[in-house]
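Under my numbering, residues 442 to 823 are what the sequence shown spells out, in order. Down below is the structure, laid out as structure tokens.
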Amino acid sequence: MSYVSESFWHDAVNKATTDLFTFGYKNIIKPNFVFNVPPDEAHDRMITFCKATKRVPPLMWACREMLNYTDPVLETEVMGVEFANPFGLSAGLDKNCEMPVLLDNAGFGFETVGSTTSRPCAGNPKPWFHRLPEYDSMMVHVGLDNIGSDKVIDRAEQAWTNARDMQVSVSIARTNDDKVGDLDEGIEDYCISMRRAAGRTAMVEVNVSCPNTTAGEPFTQTPENLDRLFAALDGIDRPQPTLVKLPLNKPWGELHELLDVLAEHNVQGVSLANLQKDRTGLDIPREWEGGLSGGPCTRASEALIAQVRRAYGDRFAIAGIGGVFTPEQAYAKIRAGADLVMFISSLMYRGPQQITVLKRGLAQLLKRDGFEHVADAVGVDL
Numbered sequence: 442m443s444y445v446s447e448s449f450w451h452d453a454v455n456k457a458t459t460d461l462f463t464f465g466y467k468n469i470i471k472p473n474f475v476f477n478v479p480p481d482e483a484h485d486r487m488i489t490f491c492k493a494t495k496r497v498p499p500l501m502w503a504c505r506e507m508l509n510y511t512d513p514v515l516e517t518e519v520m521g522v523e524f525a526n527p528f529g530l531s532a533g534l535d536k537n538c539e540m541p542v543l544l545d546n547a548g549f550g551f552e553t554v555g556s557t558t559s560r561p562c563a564g565n566p567k568p569w570f571h572r573l574p575e576y577d578s579m580m581v582h583v584g585l586d587n588i589g590s591d592k593v594i595d596r597a598e599q600a601w602t603n604a605r606d607m608q609v610s611v612s613i614a615r616t617n618d619d620k621v622g623d624l625d626e627g628i629e630d631y632c633i634s635m636r637r638a639a640g641r642t643a644m645v646e647v648n649v650s651c652p653n654t655t656a657g658e659p660f661t662q663t664p665e666n667l668d669r670l671f672a673a674l675d676g677i678d679r680p681q682p683t684l685v686k687l688p689l690n691k692p693w694g695e696l697h698e699l700l701d702v703l704a705e706h707n708v709q710g711v712s713l714a715n716l717q718k719d720r721t722g723l724d725i726p727r728e729w730e731g732g733l734s735g736g737p738c739t740r741a742s743e744a745l746i747a748q749v750r751r752a753y754g755d756r757f758a759i760a761g762i763g764g765v766f767t768p769e770q771a772y773a774k775i776r777a778g779a780d781l782v783m784f785i786s787s788l789m790y791r792g793p794q795q796i797t798v799l800k801r802g803l804a805q806l807l808k809r810d811g812f813e814h815v816a817d818a819v820g821v822d823l
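This is the structure in structure tokens:
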């Protein structure tokens with residue numbers, strides 16, 4: 442294949458277009474079309490835009506030709522899956538798998554759709570989001586709104602089959618509704634979605650750390666509960682690798698015990714980590730419910746990535762999540778031990794061209810430091 446980085450004119454057009462998009466988003470789109478309405482409404486508008494644009498092939502072609510930066514230094518293989526680059530959209534934004542076409546053409550390496558649940562779920566009462574621009578953060582309290590894993594996984598399989606370069610993963614979680622029961626009910630809830638997902642996506646993520654649900658996080662409360670869940674999931678034959686999305690705020694001793702459990706099961710990777718619950722030092726109204734995305738996660742997730750990589754070596758692939766707004770922040774996560782890097786808030790605060798900014802910047806940093814491939818930089822600071 443031909444790479445943008447190896448063509449003088451294509452590279453120049455890509456950079457100029459990205460700079461233009463960055464200027465336009467900051468000065469026109471963000472103040473007049475995104476941040477001028479409540480964040481719940483802005484979220485709905487974004488999903489509607491993605492659904493509409495994917496049906497306009499010339500627009501997708503233009504997006505691909507002008508924004509999709511490619512460079513061989515970014516290519517990597519993780520858990521047996523080949524990625525055009527290590528950047529992915531984290532679960533939590535595209536609940537119902539309506540964004541893959543646009544993300545694929547924009548140049549994402551992968552997307553994790555969901556989290557989705559065995560039964561359709563209405564989520565928590567609105568508002569779901571509160572903006573905290575002073576912290577590059579959103580307060581998130583969605584509660585797993587989605588149309589059900591049967592439909593979402595059908596869409597994910599179709600998106601993965603039709604994608605040009607992007608890998609598609611699905612995140613499964615426990616339904617947040619009035620039918621929630623005991624641990625056995627929760628285990629079967631996960632198993633239903635896992636059976637539906639088996640073999641139909643590039644990866645599957647098991648989210649045991651959603652902080653905004655009626656049931657809470659029972660499977661991270663004790664190692665025994667987590668062991669029961671994954672003993673059941675181990676009985677479901679699936680060819681694709683499995684990651685587990687873990688909480689950010691567990692004391693290391695407790696998280697270490699949970700990781701020891703996962704190391705004994707059919708788990709290839711961990712997603713580190715879910716939303717920040719610690720509001721210490723932040724000026725946030727008490728009545729706002731939920732967890733913090735973006736900026737408040739940056740340093741904590743990087744430190745956790747390093748702890749897990751030091752403790753477990755290559756046992757787990759690591760997808761680093763939280764507060765990635767610059768190529769330097771992405772690079773720091775990789776050097777701390779992350780094989781893949783995921784983000785959401787950066788799109789809202791910086792714009793859709795941010796994927797190009799991150800890829801181009803990371804490629805430059807890798808070459809500056811003499812790395813031939815991004816995988817060569819994983820964990821070098823440990």
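All residues carry an ideal CB built from backbone N, CA and C; glycine is no exception.
Quiz item: Relative to the C-alpha of residue 460, which residue among 798, 518, 818, 816 is closest?
Solution: Looking at the Cα atoms, 798 is the closest of the given residues.
Quiz prompt | Three-pair Cβ contact test at 8 Å for the region 591 to 602 versus the region 750 to 768 | solution = With the rule of 3 Cβ pairs closer than 8 Å, the region 591 to 602 does not count as touching the region 750 to 768.
Quiz prompt | Short Cβ contact (8 Å threshold) for residue 711 with residue 687 | solution = Against a cut-off of 8 Å, the Cβ pair of residue 687 and residue 711 comes out as a contact.
Practice problem: Give the DSSP bridge partners of residue 761, in chain order. | Solution: According to DSSP, residue 761 bridges with 713, 782.
Self-check item: Inter-residue Cα distance where the pair is residue 565 and residue 513
Solution: About 43 Å.
Quiz item: What are the complete alpha helix (DSSP H) segments, minimum 4 residues, inside the region 639 to 705?
Solution: Counting only runs of 4 or more, we get 664 to 675, 693 to 703.
Quiz prompt | C-beta contact flag for residue 409 and residue 531 at 8 Å | solution = It is not possible to answer for residue 409, since the shown part of the chain is limited to 442 through 823.
Quiz item: Using the C-alpha atoms, what's the distance from residue 607 back to residue 535?
Solution: Each residue's Cα considered, the two are about 15 Å apart.
Quiz item: Which residue's Cα is closest to the Cα of residue 522: 803, 741, 758, 650?
Solution: With distances taken between Cα atoms, residue 522 lies closest to 758.
Quiz item: Is residue 648 buried or exposed, if buried means 16 or more other CB atoms sit within 10 Å of its CB?
Solution: It counts as buried.
Quiz item: Roughly how many whole angstroms lie between the Cα atoms of residue 671 and residue 706?
Solution: Per the coordinates, the alpha-carbon of residue 671 lies some 7 Å from the alpha-carbon of residue 706.
Quiz item: Whose C-beta lies closer than 7 Å to the C-beta of residue 549 among residues of the same chain, with five residues either side of it excluded?
Solution: The residues 528, 529, 530, 607, 796, in chain order, have a CB closer than 7 Å to that of residue 549 in the same chain once the five nearest residues on each side in sequence are set aside.
Exercise. Would you list, in sequence order, the uninterrupted beta strand (DSSP E) runs of no fewer than 3 residues that lie entirely inside the region 471 to 559?
Key: Those beta strand (DSSP E) runs which fall completely within the region 471 to 559 and span 3+ residues are 517 to 519, 522 to 524, 528 to 530, 551 to 557.
Exercise. For residue 484, verify whether its CB is less than 7 Å away from any heavy atom of the ligand GDP.
Key: Absent from the structure shown: the ligand GDP. Ligands present: none.
Quiz item: residue 624 and residue 664 look like a contact to me (Cβ under 8 Å); what is the Cβ gap, rounded to whole Å?
Solution: About 13 Å separates the Cβ atoms of residue 624 and residue 664, ruling out a contact at the 8 Å cut-off.
Quiz prompt | Delimiting residues of the alpha helix (DSSP H) encompassing residue 596 | solution = For residue 596, the enclosing alpha helix (DSSP H) has its first and last residue at 590 to 603.
Quiz item: By Cβ distance below 6 Å, which residues in the same chain neighbour residue 546 in space, the five residues on each side in sequence not counted?
Solution: Closer than 6 Å at Cβ, skipping near neighbours: 501, 504, 505.
Quiz item: If you run the structure through DSSP and keep just helix, strand and coil, what is residue 570?
Solution: Strand.
Quiz item: What residues are listed by DSSP as bridge partners for residue 611?
Solution: 554, 645.
Practice problem: Less than 8 Å between the CB atoms is what I'm expecting for residue 558 and residue 615, so what's the real figure, rounded? | Solution: Yes, they are in contact, since the Cβ atoms of residue 558 and residue 615 sit about 6 Å apart, within 8 Å.
Quiz prompt | Three-state secondary structure (DSSP) of residue 798 | solution = Helix.
Exercise. Note the first and the last residue of the continuous beta strand (DSSP E) segment covering residue 581.
Key: First-last of the beta strand (DSSP E) with residue 581: 578 to 581.
Self-check item: Supposed contact pair residue 735 and residue 578 - C-beta distance, whole angstroms, cut 8 Å
Solution: Yes, they are in contact, since the Cβ atoms of residue 578 and residue 735 sit about 4 Å apart, within 8 Å.
Exercise. Please report the residue range of the alpha helix (DSSP H) in which residue 772 lies.
Key: Following the DSSP letters along the chain, one finds residue 772 inside the alpha helix (DSSP H) bounded by residues 768 to 777.
Practice problem: Can you tell me which of the three DSSP states residue 733 falls into? | Solution: Residue 733: strand per DSSP, three-state reduction.
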